[in-house]
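S.K.: Numbering (our numbering), first residue to last: 1 to 245.
Glycine included, C-beta positions come from ideal geometry on N, C-alpha and C.
Submitted below is the structure of interest, expressed as C-alpha cells.
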Ligand code: URA
Ligand code: SF4
C-alpha cells in the first residue's frame with residue numbers, strides 16, 4: 001500500500017513544519033525555504049576532470065545498442081556472478097538522475113535498480129519531492145552487475161563500467177544529478193572526500209550540476225541523518241531550478 005503523505009514524512013524523518021514551508025504539490029517554482037540550516041553552496045567548485053570518452057563505438061550508441069552492449073558486457077569480474085545486468089530505469093528524458101552504487105540481490109533478480117529496502121526509502125524520498133520513479137526521474141548505478149555479497153564495487157570495476165554510465169548521461173541529458181553515496185561520487189567526480197564534506201556543494205559533470213548525498217542503505221542504518229538527506233535533495237532541487245543547466 002502506498003504510504004500516506006504523513007507516513008512518508010515520518011519515514012523520511014521530516015517534521016510537518018518542513019512540508020508546510022515547502023508544499024509537495026507546489027506547481028510554481030518558488031525559492032525554496034529550508035527549515036534547517038544548509039551549508040551554503042560554494043559557488044566555484046573546482047572544475048572536474050572531463051568525462052573519459054567511452055571507448056570506440058559506445059560514444060555512438062543509441063538506447064537499444066547501449067542496452068544490448070551492457071547485457072553482453074564482460075569488461076570486469078562482476079559479470080561472472082550476475083543473474084542479469086541492471087542498466088537503469090526511468091524516464092529517458094529526465095530532470096533528475098540518481099546514481100547509486102550497484103545492484104543488490106533483489107535488483108539482480110529483477111533487473112531493476114533500487115527495488116529492495118533501500119529502494120523503498122529512495123521512493124519515499126522521491127515522493128517527498130512530489131516525484132515518482134519513471135516520471136522525470138531516471139535511476140542508475142555506478143556498476144551494472146551485482147558485486148558478490150553486496151560488497152562495495154572496486155575502483156577498477158567502476159572504471160570498467162563507467163563508459164556505460166557516461167553514455168547514459170549523454171543520452172539522458174538530466175538537469176541535475178544526485179550521487180547517492182561514496183561509490184557514485186568516486187566514479188562521477190573522481191572525489192574520495194568524506195561524504196559529509198561533499199554535501200551541500202555544487203559539483204559539475206559535463207556541464208550538469210551535481211549534488212552528493214547519503215546512500216539510502218546508509219540512511220536505513222543511520223535514521224538521524226535522514227533530515228540531512230532531505231536538505232541535500234532540496235539543495236539539488238535548487239540547483240535544478242537555478243536553470244544553469
Ligand atoms: N543499492 C544501490 O546502490 N543500488 C541499487 O540498485 C540497490 C541498492
Ligand atoms: Fe560490464 Fe559493468 Fe557488468 Fe563490469 S559491472 S561486467 S563493466 S556491465
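Quick one: is residue 153 buried, meaning 16 or more other Cβ sit within 10 Å of its Cβ, or exposed?
M.R.: Taking the chain shown and counting its residues from 1, one reaches residue 153 at position 153. Label assigned to residue 153: buried.
S.K.: If you count every other CB in all the chains shown that lies within 10 Å of the CB of residue 78, and 16 or more means buried, which is it?
M.R.: For the purposes of this step, residue 78 is identified with residue 78 of the chain shown, where counting begins at 1. By the neighbour-count rule (16 or more Cβ atoms within 10 Å), residue 78 is buried.
S.K.: With a 10 Å radius around its C-beta and 16 neighbouring C-beta atoms as the bar for buried, classify residue 66 as buried or exposed.
M.R.: Counted from its first residue, the chain shown places residue 66 at position 66. Under this definition residue 66 is a buried residue.
S.K.: Let me know the secondary structure DSSP gives residue 189 once reduced to three states.
M.R.: Mapped onto the chain shown, residue 189 falls at position 189. Residue state, collapsed to three classes: helix.
S.K.: Hey, is residue 141 close to the ligand URA, as in C-beta under 7 Å from one of its heavy atoms?
M.R.: For the purposes of this step, residue 141 is taken as residue 141 along the chain shown, with counting starting at 1. Correct: residue 141 has its Cβ closer than 7 Å to the ligand URA.
S.K.: If you measure from each residue's Cβ to the nearest non-hydrogen atom of the ligand SF4, which ones come out under 7 Å, in chain order?
M.R.: Going along the chain, the residues that qualify are 70, 73, 74, 75, 76, 78, 79, 82, 85, 143, 144, 145, 157, 160, 161 and 164.
S.K.: At which residues does the alpha helix (DSSP H) containing residue 170 begin and terminate?
M.R.: The sequence position of residue 170 within the chain shown is 170, counting from 1. Element bounds for residue 170: 155-172.
S.K.: Out of curiosity, what's the CA-to-CA distance linking residue 73 and residue 240?
M.R.: On the chain shown, residue 73 is found 73 positions in, with the first residue counted as 1. On the chain shown, residue 240 is found 240 positions in, with the first residue counted as 1. Distance between the alpha carbons of residue 73 and residue 240: 33 Å.
S.K.: With 16 other CB atoms within 10 Å as the buried threshold, where does residue 228 fall?
M.R.: Taking the chain shown and counting its residues from 1, one reaches residue 228 at position 228. With 16 or more Cβ atoms within 10 Å of its Cβ, residue 228 is classed as buried.
S.K.: If you drop the 5 nearest sequence neighbours on each side, which residues of the same chain put their C-beta closer than 6 Å to that of residue 217?
M.R.: For the purposes of this step, residue 217 is taken as the residue at position 217 of the chain shown. Taken in chain order, the residues that qualify are 118.
S.K.: Is the separation between the beta-carbon of residue 102 and that of residue 138 shorter than 8 Å?
M.R.: Position 102 of the chain shown, counted from the start, is the residue given in the question as residue 102. Position 138 of the chain shown, counted from the start, is the residue given in the question as residue 138. No, these two residues do not count as a Cβ contact at 8 Å.
S.K.: Starting from residue 243, trace the beta strand (DSSP E) in both directions and tell me its first and last residue.
M.R.: Counting from 1 along the chain shown, the entry for residue 243 is found at position 243. From DSSP, residue 243 is part of no beta strand (DSSP E); its letter is neither H nor E.
S.K.: Going by C-alpha to C-alpha distance, which of 157, 166, 94 and 155 sits closest to residue 132?
M.R.: Here residue 132 corresponds to residue number 132 of the chain shown, with the count starting at 1. For the residues 157, 166, 94 and 155, the minimum Cα distance to residue 132 belongs to 94.
S.K.: Give the DSSP-derived three-state secondary structure of residue 60 in the structure shown.
M.R.: Position 60 of the chain shown, counted from the start, is the residue given in the question as residue 60. Here residue 60 sits in helix by DSSP.
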